[in-house]
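Chains as they are written, first to last, in numbering that gives the first Met the number 0: chain A, 0 to 479; chain B, 0 to 503.
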Amino acid sequence: MMSALMNMTTALRDWVSALYDAPPTRAVVFGIPIDGHLVVEALLIVVILFQLTRKSYKPPKRPLTEKEIDELCEEWMPEPLCPPITEDMQTEPPTLESAARPHTTIGGKEVINFASANYLGLIANEKIIGSCIGSLEKYGVGSCGPRGFYGTIDVHLDCETKIAKFLGTPDSILYSYGISTIFSVIPAFCKKGDIIVADEGVQWGVQNGLYLSRSTVVYFKHNDMASLANTLEKLTRGNKRAEKIRRYIVVEAIYQNSGQMAPLDEIVRLKEKYRFRLILEESHSFGVLGNSGRGLAEYYGVPIEKIDIITAGMGNALATDGGFCTGSVRVVDHQRLSSSGYVFSASLPPYLANAAISAVDYLEENPSVLTTLRNNIALLWKGLSDVPGLEIASHPLSPIIFLKLKKSTSSPKGDLQLLEQIAKRALEEDSVFLVTTKRSSLDRCRLPVGIRLFVSAGHSESDLVKVSNSLKRVAVSVLS
Amino acid sequence: MVRLPYTTALTTLFSYGLLFAFGQLRDLFRKLLDWFRSKDLKGYAPICLGLEDFYVRRLYLRIQDCFGRPIASAPDAWIDVVERYSNDNNKTLHRTSNSTKCLNLGSYNYLGFAAADEYCTPRVIESLKKYSPSTCSVRVDGGTTQLHAELEELVARFVGKPAAVLFGMGYVTNSAIIPCLIGKGGLLISDSLNHNSIVNGARGSGATVRVFQHNSPSHLEEVLREQIAEGQPRTHRPWKKIIVIVEGIYSMEGELCKLPEIIAVCKKYKAYTYLDEAHSIGAIGKSGRGVCELLGVDPADVDIMMGTFTKSFGSCGGYIAASKEIIQYLKYTCPAHLYATSMSPPAVQQVISAIKVILGEDGSNRGAQKLARIRENSNFFRSELQKMGFEVLGDNDSPVMPIMLYNPAKIPAFSRECLRQNVAVVTVAFPATPLLLARARICISAAHTREDMIKGLEVISKVGDLVGIKYFPTEPPKLAKEAHKKRESSIVAERFCGCDIIGV
């Protein structure tokens with residue numbers, strides 16, 4: 000046993016020493032001697048290269064099976080399409096039983112109407128109604144087609160020329176609805192990558208247009224020129240690229256949400272300094288401001304060519320429906336093919352275009368109606384300046400008189416409740432029809448809510464006195 | 000379905016390529032010539048840079064006289080098209096005071112209410128005298144009159160839903176309602192050929208938008224399954240809600256939507272449905288109630304039904320019909336209801352009178368006659384065009400029939416030659432349709448008489464031969480006679496049954 004083990008170890012020792020002492024293996028391939036270690040190294044390199052070509056390890060993908068998708072679809076529960084209806088969602092507005100003139104009928108009673116933006120008193124004007132009747136008999140009601148496909152009626156072209164001539168611009172373009180004007184114009188000119196500087200108090204139509212344009216939007220403080228100058232400075236300072244991209248400033252002439260007026264001369268000065276284009280929304284100032292009603296530019300004495308794009312809805316001073324946009328020839332022509340609210344929608348009914356032409360005619364022939372309107376606004380301003388608990392927040396020349404609470408409650412909802420009580424009692428007890436601001440949940444404007452009065456040239460002095468007295472009385476009882 | 004033969008595709012591509020090359024050449028010359036002229040932009044960036052408006056300048060302006068033709072009469076069966084001339088190669092067009100009387104195959108006047116109507120117009124004039132052309136106020140302030148309340152009730156009754164709300168413009172209806180119903184965290188699945196207003200509304204809402212293949216319920220099911228299983232992008236949270244948007248009649252194809260199958264799919268996966276009946280309300284269905292009536296779908300199965308009054312009712316505006324809660328919520332928060340001037344009262348009265356005529360509540364059966372006539376007219380016109388060898392799209396009973404043109408040069412050729420022979424047609428090209436699939440779109444109306452249609456068919460056939468758009472072989476006359484006899488008898492049987500039901 001021991002000797003066998005000894006023999007084995009000796010044999011092993013001899014074998015190992017033979018390995019060590021053996022001469023290095025050598026092969027001769029094609030006359031070139033190759034050492035044995037080279038073969039081993041070549042094998043190692045091959046193995047390394049093989050490993051490098053293998054894909055790295057990834058956990059295997061396991062897509063959902065049909066059964067699992069079925070289960071997920073079974074489990075999924077959608078939200079209801081609309082949230083549960085609350086108390087304040089159920090209020091209905093009052094129904095008019097006659098035309099929306101300064102004196103109208105609600106619920107069988109005659110009330111004084113301060114809720115219609117009928118600034119020149121053109122509702123129920125005989126001449127306008129006469130021209131509309133002629134138009135209805137000739138053209139029917141609707142135009143049955145978009146502008147590109149036989150929906151262009153000659154009255155549309157006449158209306159566009161008339162408005163352009165009235166304002167002193169080369170051309171204008173007609174839209175079929177007031178609110179769609181601004182939210183079609185802005186995306187037609189502003190695309191992704193452009194810069195827009197807008198007032199934070201602009202109305203929903205403008206906000207929607209800004210959102211749809213996908214440009215970079217920067218808001219400045221409401222009607223604050225210092226804030227505007229700061230914003231413009233910040234955006235253009237040191238920004239070499241800023242010269243190649245299109246830049247716009249969007250303001251409203253008279254803000255629907257607060258009644259403030261934009262200081263156009265200051266804005267034009269800033270726009271020319273920083274090379275921005277100006278888009279001016281004149282729904283509530285067209286036919287109201289200026290000696291002959293030509294709007295904010297005439298009031299400030301700014302030449303109309305300095306404003307690049309002017310839009311306005313005709314549902315206010317002109318007592319018709321629809322909207323228009325005007326500017327240089329390039330601006331107007333561009334919209335005829337790229338403005339979605341113009342190309343993809345039916346055109347304005349011809350009788351409304353006729354009403355617009357008659358309204359502009361009336362304004363040109365009777366500029367005294369503007370003086371009446373201005374006097375009415377001044378009278379009402381004076382009458383309302385001492386209403387207890389409410390203060391006037393709008394510009395002295397604005398036809399929308401905006402009253403807000405002197406001491407606001409902590410939430411807009413609470414404010415709105417108090418204001419609605421005031422409006423309701425004014426209607427029921429004094430037959431005076433006023434309205435409060437109503438904000439949609441999609442509106443991002445955060446200006447304070449208030450009561451709005453739309454002054455018309457058709458209001459008589461006794462109407463204005465009555466409304467001031469009524470507000471004073473109701474405000475005292477509600478707010479104390 | 001459009002079957003585009005290879006040779007036509009090649010020639011169309013070649014034409015566009017040639018136009019593109021010429022356009023680039025002209026742009027090059029313009030750049031060279033402008034090198035010497037000073038730029039008067041004064042540091043402002045130009046309104047359109049470089050190639051943004053290449054299509055407009057170099058392709059569209061060449062054929063500008065085929066679009067936007069002004070008319071000097073009501074958009075009835077015969078219109079007075081105003082003649083225009085141009086001194087600078089179509090860049091600017093000037094009106095003359097001459098006009099030619101042409102057969103109108105382009106206006107959306109499905110039931111013939113476009114011109115002055117014996118029942119509607121006196122009532123419209125009365126309401127104009129009573130309420131004025133406008134209320135100058137928004138609906139929630141002082142813009143709701145008795146007419147508006149009456150029409151909302153009438154529309155709800157007509158469509159078959161509990162309640163309805165009106166808006167002054169169809170485009171704004173879609174753009175302003177969709178953001179109210181859905182927001183971030185929701186999913187909108189819309190048909191690939193939906194109208195621009197729906198696309199705008201979907202973009203404005205902030206929800207994720209997915210598209211399914213046109214009119215294909217199986218692909219819709221696939222998309223729904225995939226999306227519900229995956230959830231919101233990146234976070235994989237479950238979707239808040241899913242709305243599927245389809246149209247009743249697609250205006251560029253003339254096809255009806257496969258409504259029963261799509262509703263079945265949506266019900267299975269608990270998605271809400273939104274049906275846009277802009278072209279189909281009032282024009283199809285036995286009593287004009289739209290695609291739901293035609294295809295036998297219960298209106299209660301569709302969550303939201305939208306429509307416009309411009310096409311079949313000869314007025315303007317749009318409506319949404321849904322359950323009482325949804326309508327109350329929309330009246331509380333929809334921006335178009337809170338910020339936009341209310342619909343003009345005479346236009347409201349026109350719709351009220353038109354619906355009364357359609358329902359037969361005016362004491363005559365003119366409504367039933369109109370509905371039967373438009374169905375007859377559409378089927379007759381479509382079958383005749385197909386017999387002549389034109390490639391006509393659209394389903395039977397649909398009053399919209401596009402004829403394929405394909406080649407860009409055939410667009411102005413067809414349009415101008417037809418106008419010369421006193422037929423006014425509408426031609427549509429890119430970007431309203433895909434680039435290679437230009438077409439001429441015919442809209443039939445109940446105001447067209449048999450003679451009008453025969454004249455229209457003659458002219459279209461002649462011009463079609465000249466221009467070369469008869470892509471299919473014509474039907475041999477003997478077979479045509481037999482097919483015609485069969486069709487006549489079925490139409491008579493239908494008319495008999497239809498009037499029977501409505502006359503009661």
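Here a beta-carbon is modelled for each residue, glycine too, at the ideal position from N, C-alpha and C.
Shorter than 7 angstroms from the beta carbon of residue i to some beta carbon of chain B?
| i | result |
| --- | --- |
| Lys243 (chain A) | yes |
| Leu234 (chain A) | no |
| Gly482 (chain A) | The displayed coordinates of chain A run from 0 to 479. Any statement about residue 482 (chain A) would go beyond what the structure contains. |
| Leu491 (chain A) | The displayed coordinates of chain A run from 0 to 479. Any statement about residue 491 (chain A) would go beyond what the structure contains. |
| Pro447 (chain A) | no |
| Cys72 (chain A) | yes |
| Leu211 (chain A) | yes |
| Thr180 (chain A) | no |
| Thr151 (chain A) | yes |
| Phe285 (chain A) | no |
Suppose contacts are defined by Cβ-Cβ distances below 7 angstroms. Is residue i in contact with residue j by that definition?
| i | j | result |
| --- | --- | --- |
| Pro145 (chain A) | Val328 (chain A) | no |
| Ile177 (chain B) | Ala162 (chain B) | no |
| Ile195 (chain A) | Ser226 (chain A) | no |
| Ala252 (chain A) | Leu295 (chain A) | yes |
| Ile410 (chain B) | Leu404 (chain B) | yes |
| Gly388 (chain A) | Leu478 (chain A) | yes |
| Ala175 (chain B) | Cys333 (chain B) | yes |
| Arg57 (chain B) | Gly22 (chain B) | yes |
| Leu452 (chain A) | Phe165 (chain A) | no |
| Ala197 (chain A) | Tyr218 (chain A) | yes |
Can you tell me the Cα-Cα spacing of residue i and residue j, whole angstroms?
| i | j | result |
| --- | --- | --- |
| Phe182 (chain A) | Pro45 (chain B) | 21 angstroms |
| Cys498 (chain B) | Ala353 (chain B) | Low confidence applies to Cys498 (chain B): its pLDDT is 41, below 50, so where it sits in the model is not reliable enough to give any reading. |
| Gly295 (chain B) | Arg245 (chain A) | 53 angstroms |
| Asp300 (chain B) | Ile261 (chain B) | 11 angstroms |
| Arg236 (chain B) | Gln226 (chain B) | 11 angstroms |
| Val123 (chain B) | Tyr109 (chain B) | 20 angstroms |
| Val267 (chain A) | Tyr341 (chain A) | 28 angstroms |
| Ala346 (chain B) | Ser257 (chain A) | 31 angstroms |
| Thr52 (chain A) | Pro59 (chain A) | 19 angstroms |
| Phe19 (chain B) | Leu12 (chain B) | 10 angstroms |
At least one CB of chain A closer than 7 angstroms to the CB of residue i: is that the case?
| i | result |
| --- | --- |
| Ala162 (chain B) | no |
| Ala428 (chain B) | no |
| Leu353 (chain B) | Per the sequence shown, residue 353 (chain B) should be read as Ala rather than Leu. So, not an interface residue. |
| Asn108 (chain B) | yes |
| Gln327 (chain B) | yes |
| Met400 (chain B) | no |
| Thr99 (chain B) | no |
| Phe66 (chain B) | yes |
What would DSSP say about residue i, mapped onto helix, strand or coil?
| i | result |
| --- | --- |
| His93 (chain B) | strand |
| Tyr118 (chain B) | coil |
| Ile280 (chain B) | coil |
| Asp275 (chain B) | strand |
| Glu281 (chain A) | coil |
| Tyr405 (chain B) | strand |
| Asp34 (chain A) | strand |
| Leu186 (chain B) | strand |
Does the stretch 316-331 of chain A come close enough to the stretch 164-178 of chain A that 3 or more CB-CB pairs lie under 8 angstroms? yes
Do three or more CB pairs link the stretch 100-108 of chain B to the stretch 65-81 of chain B at distances below 8 angstroms? yes
Three or more C-beta pairs closer than 8 angstroms, one from the stretch 360-378 of chain A and one from the stretch 84-99 of chain B: is that the case here? no
Inspect the CB distances between the stretch 429-437 of chain B and the stretch 459-478 of chain B and report whether three or more fall short of 8 angstroms. no
Do the stretch 401-418 of chain A and the stretch 458-468 of chain A meet, that is, are 3 or more Cβ pairs less than 8 angstroms apart? no
Could you tell me whether the stretch 357-366 of chain B touches the stretch 210-229 of chain B, using the rule of 3 or more Cβ pairs below 8 angstroms? no
Give, in chain order, every residue of the stretch 179-207 of chain B whose Cβ lies closer than 8 angstroms to some Cβ of chain C. As a matter of chain content, chain C is missing from the structure shown, whose protein chains are A and B.
Touching by the beta-carbon criterion (3+ pairs, under 8 angstroms), the stretch 198-216 of chain A and the stretch 149-160 of chain A: no
With contact counted as at least three CB pairs below 8 angstroms, one residue from each stretch, are the stretch 339-353 of chain A and the stretch 162-171 of chain B in contact? yes
Check whether the stretch 90-101 of chain A touches the stretch 61-71 of chain A, counting contact only when three or more Cβ pairs, one atom from each stretch, lie closer than 8 angstroms. no
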